[in-house]
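Following: one structure in structure tokens, then a few remarks.
Numbering (the UniProt record's numbering), first residue to last: 1 to 87.
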């Protein structure tokens with residue numbers, strides 16, 4: 001049986017774990033991941049890892065600097081923290 005591991009190795013995709021902010025609840029991380037998939041991943045077809053990385057970097061910058069967040073009184077996270085608030 002060929003599972004996910006076999007397909008991943010066939011494409012030479014490397015996975016790595018990244019640190020997650022300690023105070024971020026698991027459900028919030030899940031919501032963030034779902035939003036990333038909805039707003040970026042599912043809307044595009046990637047033909048290279050480099051293209052995905054580039055788009056992801058731009059998305060993260062946009063998400064933190066320009067996207068308005070209702071829990072932050074409709075401010076971006078950067079604007080919210082500049083005003084002395086904590087996330």
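Idealized CB from N, CA, C, for every residue including glycine.
Tell me whether the beta-carbon of residue 66 lies closer than 8 Å to the beta-carbon of residue 76. Here residue 66 refers to the residue found at position 66 of the chain shown. Here residue 76 refers to the residue found at position 76 of the chain shown. For residue 66 and residue 76, yes; Cβs fall inside 8 Å.
Express the C-alpha separation of residue 85 and residue 39 in angstroms, rounding to a whole number. Translated into positions along the chain shown, residue 39 becomes position 39. Translated into positions along the chain shown, residue 85 becomes position 85. In a straight line, the C-alpha of residue 39 is about 26 Å away from that of residue 85.
Return yes when the Cβ of residue 46 is within less than 8 Å of the Cβ of residue 52, no when it is not. Here the question's residue 52 lines up with position 52 in the chain shown. Here the question's residue 46 lines up with position 46 in the chain shown. Taking 8 Å as the Cβ cut-off, residue 52 and residue 46 qualify as a contacting pair.
Assumed close pair residue 44, residue 55 - CB separation to whole angstroms, cut-off 8 Å: Here residue 44 refers to the residue found at position 44 of the chain shown. Here residue 55 refers to the residue found at position 55 of the chain shown. Between residue 55 and residue 44 the Cβ distance is about 7 Å, and since that is below 8 Å, they are a contact.
Measure from the alpha carbon of residue 32 to the alpha carbon of each residue in 69, 50, 48 and 49, then state which is nearest. Within the chain shown, residue 32 is the residue found at index 32, counting from 1. Of the residues 69, 50, 48 and 49, the one whose Cα lies closest to the Cα of residue 32 is 69.
Starting from residue 65, follow the alpha helix (DSSP H) in both directions and report where the run begins and ends. For the purposes of this step, residue 65 is taken as the residue at position 65 of the chain shown. That run of the alpha helix (DSSP H) goes 49-65.
Could you spell out the range, first to last residue, of the alpha helix (DSSP H) harbouring residue 43? Your numbering for residue 43 matches position 43 in the chain shown. Under the DSSP assignment, residue 43 falls outside any alpha helix (DSSP H); it carries neither an H nor an E label.
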